[in-house]
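Peer 1: The structure that follows is given in the form of structure tokens.
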DNA sequence: ATACAGCTTAGATATCTGTCAAATTAGAGT
DNA sequence: ACTCTAATTTGACAGATATCTAAGCTGTAT
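Residue numbers (this note's numbering), protein chains in the order written: chain V, 1 to 122; chain L, 123 to 244.
What follows is the structure, given as structure tokens:
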């Protein structure tokens, strides 16, 4: 009975969970909220810059220069990412530091990849 | 030299690629385009319904009833998903059938999970 | 042919969103 | 106290978006 054993394995490893089981209304609303925060070129790059930055965090002053945008605009995008739970921030003296919240990113990952149960940090 | 061997492994398996290396401007723009298509509760559910439907495809007539929206609105959302390359469609007689394009979904998956090189179908 | 059902397109509208300039807050260092 | 720098908030505005109604298109069946 090799077939019976093969199917369950495929069931776990194949295909994005998103397209394996219909998403509920509530789930969809919540996920859309987070995806919407991510679905912007500037915010994608901001998140990426913050996450990839040395120490896993970045000061706003290190982010503004990268873009051809004013400080208020960057601040706005950071706020959107923050309210979506994708990043968090803390003021330390003169500067404000931002870092990525792994849990929220992993929730999105769970849409595309099965079995990501307890992913590691960062 | 166990450390030298361990680091490269972590480098491959840990953390979303998105937050490991800064995203380029072009990449970010392209990804944002696809994410924006996905970042809507109705479209998330549509994609999920289509993908999870028997045979991997669904007729529009099977989708409209699920939502409290008019047919033109559903049609609009399907068009957005289609133009993002997330789904494709074909008319067969009276009905139009939609199915998920795995390649595009996998490109998104690659943001969150490393090493997803050649993922399987659907 | 005519009518009907499935689906899309076109046009209209209210809401949301990205951006900037100006004003505001918060801390550091004279 | 004052000033300078870092960052956010506010207000305004142009452009995008989600939704609807009405109209159009494309097959099937009578």
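Every residue gets a Cβ at the ideal spot worked out from N, C-alpha and C, and that includes glycine.
If you're wondering where the values come from, they're calculated on a predicted model, not measured in any experiment.
#1: DSSP on residue 34 of chain V, reduced to helix/strand/coil?
#2: Got a sec: is the Cβ-Cβ distance from residue 158 of chain L to anything in chain V below 7 Å?
#3: Residues of chain V with a CB under 9 Å from the CB of residue 187 of chain L: which are they?
#4: Contact between the region 190-208 of chain L and the region 64-78 of chain V: three or more CB pairs below 8 Å?
#5: In chain order, what residues of the same chain lie with their CB nearer than 6 Å to the CB of residue 97 of chain V, ignoring the 5 residues before and after it?
#6: On the premise that residue 32 of chain V lies in contact with residue 185 of chain L, defined as a C-beta separation below 8 Å, what is that separation, rounded to the nearest angstrom?
#7: Curious, which full-length beta strand (DSSP E) runs of at least 3 residues does the region 156-214 of chain L contain?
#8: Which two residues bound the contiguous alpha helix (DSSP H) that contains residue 100 of chain V?
#9: Any idea what DSSP makes of residue 16 of chain V, helix, strand or coil?
#10: Going straight from the alpha carbon of residue 147 of chain L to that of residue 161 of chain L, what length do you get?
#11: Against chain V, with Cβ distances strictly below 7 Å, would residue 207 of chain L count as a contact?
#12: From the DSSP output, in three-state form, read off residue 110 of chain V for me.
#13: Leaving out the 5 sequence neighbours to the left and right, which residues in its chain are closer than 8 Å to residue 122 of chain V when beta-carbon positions are compared?
Peer 2: Let's see:
#1: Residue 34 of chain V: helix per DSSP, three-state reduction.
#2: It does: the Cβ of residue 158 of chain L has a partner Cβ on chain V nearer than 7 Å.
#3: Going along chain V, no residue has its Cβ under 9 Å from residue 187 of chain L, so there is no contact; the nearest lies around 13 Å.
#4: Result no; under three Cβ-Cβ pairs closer than 8 Å.
#5: For residue 97 of chain V, the CB contacts under 6 Å within the same chain, skipping 5 residues up- and downstream, are 57, 59, 90 in chain order.
#6: Incorrect: roughly 17 Å between the Cβ atoms, too far for contact.
#7: Given a length threshold of 3 residues, each whole run of the beta strand (DSSP E) inside the region 156-214 of chain L is given here in chain order: 179-181, 209-214.
#8: First-last for residue 100 of chain V: 95-100, but that is the beta strand (DSSP E), not the alpha helix (DSSP H).
#9: Annotated three-state conformation of residue 16 of chain V is coil, per DSSP.
#10: Looking at the backbone, the Cα of residue 147 of chain L and that of residue 161 of chain L are separated by about 20 Å.
#11: Judged by the 7 Å Cβ criterion, residue 207 of chain L is not in contact with chain V.
#12: Assigned with DSSP and collapsed to three states, residue 110 of chain V falls in helix.
#13: Any reading at residue 122 of chain V must be qualified, since the residue scores a pLDDT of 46, below 50, and its modelled position is unreliable; the value itself is stated next. 51, 56, 100, 102, listed in sequence order.
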